[in-house]
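Written out below as structure tokens is the structure these notes cover.
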Amino acid sequence: MEKVFTNAAPKAIGPYSHAMKSGNLVFCSGQTPLNPETMLIEGATVTEQTTLVLTNLEAVLIAAGCTRANVLKTSVFLKNFADFEKMNKSYEAFFGDHKPARTTVEVSRLPREALVEIECIAEVPKI
Numbered sequence: 644m645e646k647v648f649t650n651a652a653p654k655a656i657g658p659y660s661h662a663m664k665s666g667n668l669v670f671c672s673g674q675t676p677l678n679p680e681t682m683l684i685e686g687a688t689v690t691e692q693t694t695l696v697l698t699n700l701e702a703v704l705i706a707a708g709c710t711r712a713n714v715l716k717t718s719v720f721l722k723n724f725a726d727f728e729k730m731n732k733s734y735e736a737f738f739g740d741h742k743p744a745r746t747t748v749e750v751s752r753l754p755r756e757a758l759v760e761i762e763c764i765a766e767v768p769k770i
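Count along the sequence shown from 1, add 643, and you get the number used in the numbering used here.
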């Protein structure tokens with residue numbers, strides 16, 4: 644097992660790693676729309692926040708030796724399910740034709756009052 648950290652993503656706000664690698668799998672912790680430099684939530688809308696969340700998640704994937712094309716499954720946590728379509732458009736723009744398995748749920752609260760959080764599982768490409 645190997646811990647994954649990167650300065651390109653927000654620092655963990657708790658006792659956890661950005662991701663853990665085990666064998667050829669990478670388990671990424673949930674990312675929120677924190678600016679990695681200021682550690683403040685950015686984006687007033689779920690669209691803006693989803694874009695930043697996925698950018699942060701991609702930084703973790705790169706640090707683990709992966710890309711968005713290696714993502715097998717995501718879990719999306721929304722503060723308000725009424726934002727599903729807006730989140731979905733940003734999500735689709737990020738992944739394009741790659742369509743990992745996904746679960747999306749509404750939650751009562753997210754860290755620092757974020758509107759969206761996304762975690763994923765990816766496969767490290769064979770060299």
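Here a beta-carbon is modelled for each residue, glycine too, at the ideal position from N, C-alpha and C. For clarity, every value in this text was computed on a predicted model and none was experimentally measured.
message: Tell me the DSSP secondary structure of Ala707 in three-state form.
response: By one-based count along the sequence shown, residue 707 stands at place 64. Reduced to three states, the DSSP call for Ala707 is coil.
query: Mind checking whether Ala744 and Lys716 have CB atoms under 7 angstroms apart?
result: Sequence index remark: in the sequence shown, residue 744 carries index 101 (1-based). Sequence index remark: in the sequence shown, residue 716 carries index 73 (1-based). Going by C-beta atoms, Ala744 is nearer than 7 angstroms to Lys716.
message: So Ser733 and Thr698 are supposed to be a Cβ contact under 8 angstroms. How far apart are they, rounded?
response: Numbered from its first residue, the sequence shown carries residue 733 at position 90. Numbered from its first residue, the sequence shown carries residue 698 at position 55. At roughly 10 angstroms, the Cβ-Cβ gap does not stay under 8 angstroms, so Ser733 and Thr698 are not in contact.
The region 736-751 / the region 676-684 touching (three or more Cβ pairs under 8 angstroms): no
field: Ser665: first and last residue of the uninterrupted beta strand (DSSP E) it sits in
entry: In the sequence shown, counting from the first residue as 1, residue 665 sits at position 22. Ser665 -> beta strand (DSSP E) spans 662-665.
message: Nearest by alpha-carbon distance to Leu668: which of Val748, Phe737, Gly739, Glu645 is it?
response: Counted from its first residue, the sequence shown places residue 668 at position 25. Cα-wise, what sits closest to Leu668 is Glu645.
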